[in-house]
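Protein chains in written order, with the working numbering: chain Z, 1 to 261; chain A, 1001 to 1358.
Step one of this worksheet: look at the structure below.
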Amino acid sequence: MSGRKFGEVILDLKNISLSFGGVKALQDISFNVLEHEIRAIIGPNGAGKSSMLNVINGVYRPQQGDIILRGEHHANMDSYGAATAGLARTFQNIALFKGMSVLDNIMTGRNLKMKANMLQQAIWFGPAMREELEHRAKVEEIIDFLEIQHIRKTPVGRLPYGLQKRVDLARALAMEPQILLLDEPMAGMNVEEKQDMCRFILDVNDQFGTTIVLIEHDMGVVMDISDRVVVLDYGKKIGDGTPDEVRANPEVISAYLGASH
Amino acid sequence: MFYRENGQFKTSYKADQQAFAIPQDRWAIVAIVVFAFIGVPLLVDEYMFRAILVPFLILTLAALGVNILVGYCGQITLGAGASMAVGAYAAYNFMVRIDGMPALAAILLGGLMAAAAGIVFGIPSLRVRGLYLAVATLASQFFWDWAFLRIKWFTNNSSSGSVSVADINLFGWTINSPTDKYLFCLGVLVVFSVMAKNLLRGNMGRQWMAIRDMDVAATVIGIRPMYAKLTAFAVSSFYLGVAGALWGFVNLGSWEPAAFSIDRSLQLLFMVIIGGLGAISGSFFGAAFIVILPIFLNQTLPLVGSLLGLDVSIALVSHVEFIIFGSLIVFFLIVEPHGIARLWATGREKLRLWPFPH
Chain Z
1 MSGRKFGEVI
11 LDLKNISLSF
21 GGVKALQDIS
31 FNVLEHEIRA
41 IIGPNGAGKS
51 SMLNVINGVY
61 RPQQGDIILR
71 GEHHANMDSY
81 GAATAGLART
91 FQNIALFKGM
101 SVLDNIMTGR
111 NLKMKANMLQ
121 QAIWFGPAMR
131 EELEHRAKVE
141 EIIDFLEIQH
151 IRKTPVGRLP
161 YGLQKRVDLA
171 RALAMEPQIL
181 LLDEPMAGMN
191 VEEKQDMCRF
201 ILDVNDQFGT
211 TIVLIEHDMG
221 VVMDISDRVV
231 VLDYGKKIGD
241 GTPDEVRANP
251 EVISAYLGAS
261 H
Chain A
1001 MFYRENGQFK
1011 TSYKADQQAF
1021 AIPQDRWAIV
1031 AIVVFAFIGV
1041 PLLVDEYMFR
1051 AILVPFLILT
1061 LAALGVNILV
1071 GYCGQITLGA
1081 GASMAVGAYA
1091 AYNFMVRIDG
1101 MPALAAILLG
1111 GLMAAAAGIV
1121 FGIPSLRVRG
1131 LYLAVATLAS
1141 QFFWDWAFLR
1151 IKWFTNNSSS
1161 GSVSVADINL
1171 FGWTINSPTD
1181 KYLFCLGVLV
1191 VFSVMAKNLL
1201 RGNMGRQWMA
1211 IRDMDVAATV
1221 IGIRPMYAKL
1231 TAFAVSSFYL
1241 GVAGALWGFV
1251 NLGSWEPAAF
1261 SIDRSLQLLF
1271 MVIIGGLGAI
1281 SGSFFGAAFI
1291 VILPIFLNQT
1301 LPLVGSLLGL
1311 DVSIALVSHV
1321 EFIIFGSLIV
1331 FFLIVEPHGI
1341 ARLWATGREK
1351 LRLWPFPH
């Protein structure tokens, strides 16, 4: 992984705290993400990883703390604001649009870039069609990239799990995000599917220069592909650093393996 | 055998994005539309036009509106009849209050008024969904029922409470014979169906469906639920408003608020459920099923009775009609819960392979 160039800090999270009633999901968590890096968030179940991702892309609003995205404060951002700011994400339990085809799902990812108004769309011929074809060409590039040409017209509900995960990634990529958040991209996959997914994540990072923040349980995968790792446990940050540093961190070892008391 | 795509290769995205990508479909649709415009008027008598075809066309338009909202955007409504009423009464008021108002403009303005009302009564959808939303939209039904019955201004202070309009004059073409009415409604329906198809295959339709299928994921990719839901309410109410204005102006001529009661709302909802939610063709199938089947039963039951040597009274016919109609609805919903449109789609899939099983 050495030799790749990281840029400035693109996303800086400062003292984030989030609670639901009495449950403190996140307590005073700070970390940053550099441009072009692959940043992993790991931790045992219930550690607050998904909450962290939901805070970053505006699904939850933290009670305290600040989110600084490219130097701008975004603590009160909602999901629409996050989408316009160049954040895209995939979901742990796939959240595709089940009634629509693969192509339509991915095309939906481009909705922010489509500008034709309702009347133009109703007439179709003219600006709406031009725009539709333009974006179709872009979407086809993503379809080629993720090797899902053969299923583009299939309703997503009929696809096997691994392919659905890939379509979920395709939809996020269609937004041409600067930061891509992946919530357990490899959960429930077999070895081949995991290898494919790793390859896609690395390719996205490499070819498009997309910054990636991912949550993953497969330690082998995390240690192999990520540049830096944040470790959460019970809503607190217990470790932060390169995979090797994290692996050697005694607190992390005790959280994962249990400490001898 | 004849319905097959072998050897049809698309070389551009434009060819692939057509409304009917399969040439056989395209020709079939063109043939049906041409037949409807030219063939039907030559073949059918006045009774058919008045009792079946004109109501069928207008209710199809209304079902299209309901389908956009319920089938494509996933927001249930029991206020469809109210939207039709707003369209009809608004168009009526534009006609009687503004001198020289062209009827077509009044109908479209009626649709726009219905759209505005639809947006207002669609606001609860931002907070509630499902059955709760159904109850909220029911409020719009009761409100407008009450308003058109009690607020005399809406009915231009007519003493009986019913309002009537003269025959529509469209650029010198006076629409008064049943054939004229049929052709006018058919023209409107074709234009509106094409527009619906265009909206639904484009960005707008994808946003609606995204909200229907998974609203959290939709917001995360930048779809604003408020915008998507309220546009769906607006477009749906616009279609319903135009259909309501046509129902009043063309089909009835003079009408009372009862023409757009809760019965109408339920009838439209049944149409899209039986026809097929989330399919444009479903609106056509559903309207045909609900409008034509009772009349068909009404006509054929006495015939069947006389063949069996039974003396069938009119009261018995209407009872049996209800029984058969109800059981057919149940039958269709059990056989194919996704409606007749899905049966049709499955049939087409089979036809592509026929005569081979795979």
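Idealized CB from N, CA, C, for every residue including glycine.
- N-terminal and C-terminal residue of the beta strand (DSSP E) that A:Val1165 is part of: First-last for A:Val1165: undefined, no H or E at that position.
- For Z:Asn111, decide whether its Cβ has a neighbour in chain A, counting only Cβ atoms nearer than 7 Å. yes
- Task: May I ask which residues mark the beginning and end of the alpha helix (DSSP H) holding A:Ser1159?
- Result: Here A:Ser1159 belongs to no alpha helix (DSSP H), and DSSP marks it neither H nor E.
- Closer than 9 Å by beta-carbon distance: list the chain Z residues that pair up with A:Asn1093, in chain order. Going along chain Z, no residue has its Cβ under 9 Å from A:Asn1093, so there is no contact; the nearest lies around 25 Å.
- Message: Helix, strand or coil, according to DSSP, for Z:His73 in the structure here?
- Response: The answer is strand: DSSP assigns Z:His73 an E or B state.
- Message: Cutting at 7 Å between CB atoms, please list the residues of its own chain near Z:Met1, excluding the five before and the five after it.
- Response: Note that Z:Met1 has pLDDT 46, beneath the 50 cutoff, so the model's placement of it is unreliable and no number is given.
- Message: Quick check: is any heavy atom of the ligand FAD less than 6 Å from the C-beta of A:Gly1326?
- Response: Absence of the ligand FAD is noted for the structure shown, with no ligands found whatsoever.
- Determine the extent of the alpha helix (DSSP H) in which A:Ser1236 is found, giving its start and end residues. The continuous alpha helix (DSSP H) containing A:Ser1236 extends over residues 1225-1246.
- Query: If we count the other Cβ atoms within 10 Å of its Cβ and call it buried at 16 or more, is A:Thr1300 buried or exposed?
  - Reply: exposed
- Query: How about the region 20-37 of chain Z and the region 189-202 of chain Z: do they share at least three Cβ pairs that are nearer than 8 Å?
  - Reply: no
- How about A:Ser1237 and A:Ala1134: do their beta carbons lie closer than 7 Å? no
- Message: As a quick exercise: from A:Ser1283, A:Pro1357, A:Ala1085, A:Tyr1089, pick the residue whose alpha carbon is nearest that of A:Leu1057.
- Response: A:Ser1283
- Helix or strand or just coil, what does DSSP make of Z:Ser2? Caution is warranted here: a pLDDT of 46 is assigned to Z:Ser2, below 50, making its placement in the model unreliable, and no coordinate value can be reported.
- Query: Should A:Phe1356 go down as buried or exposed, given a rule of 16 or more other Cβ atoms within 10 Å for buried?
  - Reply: exposed
- Query: Are the region 1078-1090 of chain A and the region 1305-1313 of chain A touching, with three or more C-beta to C-beta distances below 8 Å?
  - Reply: no
- Message: On the DSSP letters alone, give me the boundaries of the alpha helix (DSSP H) that A:Asn1298 sits inside.
- Response: Per DSSP, the continuous alpha helix (DSSP H) segment holding A:Asn1298 begins and ends at 1280-1307.
- Task: Give me whichever residues DSSP pairs with A:Trp1255 in a beta bridge.
- Result: A:Val1163
- Task: Report yes or no: is there a C-beta of chain A within less than 7 Å of the C-beta of Z:Ala170?
- Result: Residue contact with chain A for Z:Ala170: absent (no Cβ-Cβ distance below 7 Å to any residue of chain A).
- 6 Å Cβ shell around A:Ala1103 - same chain, five flanking residues per side excluded: Ile1168
- Item | Assigned exposure category for A:Ser1172 - 16 Cβ within 10 Å defines buried | At residue 1172 of chain A the sequence reads Gly, which differs from the Ser that was named. A:Gly1172 comes out exposed.
- Exposed or buried, what is Z:Glu8 when buried is set at 16 or more other beta-carbons lying within 10 Å of its beta-carbon? exposed
- Query: Z:Ala95 versus chain A: which residues are under 7 Å apart at the beta carbon?
  - Reply: Met1214, Val1216, Ala1217
- Unbroken stretches of the alpha helix (DSSP H), 4 residues or longer, contained in the region 1072-1127 of chain A: Runs of the alpha helix (DSSP H) inside the region 1072-1127 of chain A: 1080-1097, 1103-1122.
- Query: Hey, Z:Leu274 and Z:Leu181: beta-carbon distance below 7 Å or not?
  - Reply: It is not possible to answer for residue 274 of chain Z, since the shown part of chain Z is limited to 1 through 261.
- Message: Does chain Z have any CB closer than 7 Å to the CB of A:Ile1199?
- Response: The identity of residue 1199 of chain A in the sequence shown is Leu, whereas the question assumes Ile. So yes, A:Leu1199 belongs to the interface.
- Message: Beta-carbon within less than 7 Å of Z:Glu251's beta-carbon, same chain only, minus the 5 sequence neighbours each way: which residues are those?
- Response: Correct list, in chain order: Ile238, Gly239.
- Contacts around A:Leu1064, its chain only, beta-carbon distance under 6 Å, and the 5 residues preceding and following it disregarded: Ala1196, Tyr1239, Ser1283
- Task: Could you tell me the distance, in whole angstroms, from the CA atom of A:Leu1014 to the CA atom of Z:Arg61?
- Result: Here residue 1014 of chain A turns out to be Lys, not Leu, going by the sequence shown. The straight-line gap from Cα to Cα measures roughly 43 Å.
- In terms of residue numbering, what span does the alpha helix (DSSP H) encompassing Z:Phe227 cover? The sequence given here has Asp at residue 227 of chain Z, not Phe. That residue, Z:Asp227, is in no alpha helix (DSSP H); it is neither H nor E in DSSP.
- Query: Going by the beta-carbon positions, is the gap between Z:Ala47 and Z:Asp233 smaller than 7 Å?
  - Reply: yes
- Item | Z:Ala40: first and last residue of the uninterrupted beta strand (DSSP E) it sits in | 38-42
- Query: When you check each C-beta in the region 1058-1090 of chain A against every C-beta of chain Z, which residues fall closer than 7 Å?
  - Reply: none
- Message: Counting C-beta neighbours from all protein chains within 10 Å, is the total for A:Leu1189 16 or more, i.e. buried, or is it exposed?
- Response: buried
- Measuring only between beta-carbons, confirm whether A:Tyr1013 sits less than 7 Å from chain Z. yes
- Item | Beta-carbon gap between Z:Ser51 and Z:Leu87 smaller than 7 Å | no
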